[in-house]
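In the numbering used here, the protein residues as written are 4 to 361.
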């Protein structure tokens, strides 16, 4: 991500933006209106069918009272209709998910597992397109059980997730740490958000990218530093500072304060139109640590803050509001392009990602 932040803040380097990533999942668009004109149906009057509301999604993680995960738990979700409830089995991480649920109706989630008391959620009413993360699904040990197996806590799962993401490299060497291929990924702790940002900011390939882009800026005599070795060193330092402040503020500080996830969540399914919308909206919509979609204040704030800080060290002739807003706009455009490339191209060129399920 850091490598991408460096290059997408300069318009002539947008082609390198495919290695940046911050993001979230966005549901498919609603069906289009259908119109029946006279002669097409049994009724002589025109009829307009209302659009079907977007389906909603519900997911969660089954844990015990000590936050140990419980894989293999049986989960069911039932609404007010008389139809059979939908069921699922929690995976090895204790995660479960249901999609295409009807909005506006109450659902209850029931969970059972050997050795634990059954658990039923309060009524949950979803809104169209909502991605709801169920909390509170903690099972207590059954009175008749003499022992239970304790699994890793959600925090330990998050640590393992980050370890996998830190192995993701496009073509085996370009960092691609800020992409998550697990739809049911658990939220990152504050510590993990900072660790991931520092990992991206100090990766050796980052410095190679800085040196390359500084050479391009040197050729274009921008920013207005001098020429020669001194000018090149100043450009290289400014580029690195731009990227580091952006990733630390937008990828760690603000996500920790605002409880947002700074990663791009790979969709990988649905219509092409839905995946495109999901990709280009990633700079503007984030997944919160509560599993809900929300405005991506972290990404936008990081870009603006980085531009504002750069006024401290750019040449006086380059300083001003344009340095903040133009660079932020370029960076945002780069993130949109990156989302498209992440969604449709980069997974096949990221060896460790090809083996992950989503």
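The C-beta atom is built at its ideal place from N, Cα and C for all residues, glycine as well.
Annotated three-state conformation of residue 345 is helix, per DSSP.
Within the same chain, 161 come within 6 Å of residue 191 by CB-CB distance, once the 5 residues on both sides are set aside. Under the three-state reduction of DSSP output, residue 101 falls in the strand class.
Taking C-beta separations shorter than 8 Å and ignoring five residues to either side along the sequence, the partners of residue 126 in its chain run 109, 110, 111, following chain order.
Within the DSSP secondary-structure output, residue 297 pairs in a beta bridge with 289.
When C-beta atoms of the region 248-256 are compared with those of the region 291-308, three or more pairs fall below 8 Å, so the two segments count as touching.
Judged by beta-carbon spacing, residue 268 lies within the 8 Å limit of residue 183, meaning their Cβ atoms are closer than that value.
Scanning 313, 335, 91, 261 for the CA closest to the CA of residue 326 turns up 313.
Pairing residue 65 with residue 93 gives a Cβ-Cβ distance under 8 Å. By the Cβ-count criterion, residue 260 is exposed, with fewer than 16 other Cβ atoms from all chains shown falling within 10 Å of its own Cβ. Ranked by Cα distance from residue 295, the first of 263, 78, 319 is 263. DSSP lists 66 as the beta-bridge partner residues of residue 141. According to DSSP, residue pairing for residue 135 in a beta bridge involves 61. For residue 124, the secondary structure class from DSSP, reduced to helix, strand or coil, is coil. Rounded to whole angstroms, the gap between the alpha carbons of residue 355 and residue 284 is 26 Å. For residue 264, the beta-bridge partners assigned by DSSP are 290. In this structure, the alpha-carbon of residue 239 lies about 6 Å from that of residue 213.
Contact annotation, residue 180 with residue 195: C-beta distance approximately 12 Å; criterion of less than 8 Å not satisfied. Annotated three-state conformation of residue 354 is helix, per DSSP. The shortest CA-to-CA distance from residue 252 to any of 135, 197, 122, 157 is the one to 197.
Taking 8 Å as the cut-off, the Cβ atoms of residue 76 and residue 104 do not count as close. In the DSSP assignment, residue 238 is bridged to no other residue. Residue 274 counts as exposed, since fewer than 16 other beta carbons sit within 10 angstroms of its beta carbon.
For residue 109, the enclosing beta strand (DSSP E) covers residues 109-115. Setting aside the 5 residues that flank it on each side, residue 124 is surrounded in the same chain by 111, 112, each with a C-beta closer than 6 Å to its C-beta; the list follows chain order. Here residue 289 is near residue 297, since their CB atoms are less than 8 Å apart. Rounded to whole angstroms, residue 278 and residue 55 show a C-alpha spacing of 19 Å. The alpha-carbon of residue 242 is positioned some 7 Å away from that of residue 217. Rounded to whole angstroms, the separation of the alpha carbons of residue 188 and residue 135 is 13 Å.
A check of alpha carbon separations from residue 114 across 270, 83, 78 identifies 78 as the nearest. From the listed residues 334, 227, 349, the smallest Cα separation to residue 322 is found for 227. DSSP places residue 211 inside the alpha helix (DSSP H), whose first and last residues are 207-223.
The Cβ atoms of residue 119 and residue 80 lie no closer than 8 Å to each other. The beta carbons of residue 286 and residue 335 sit about 5 Å from each other, so the pair counts as a contact at 8 Å. The three-state secondary structure of residue 189, taken from DSSP, is coil. Ranked by how close their Cα comes to the Cα of residue 96, the residues 72, 82, 106 have 72 in first place.
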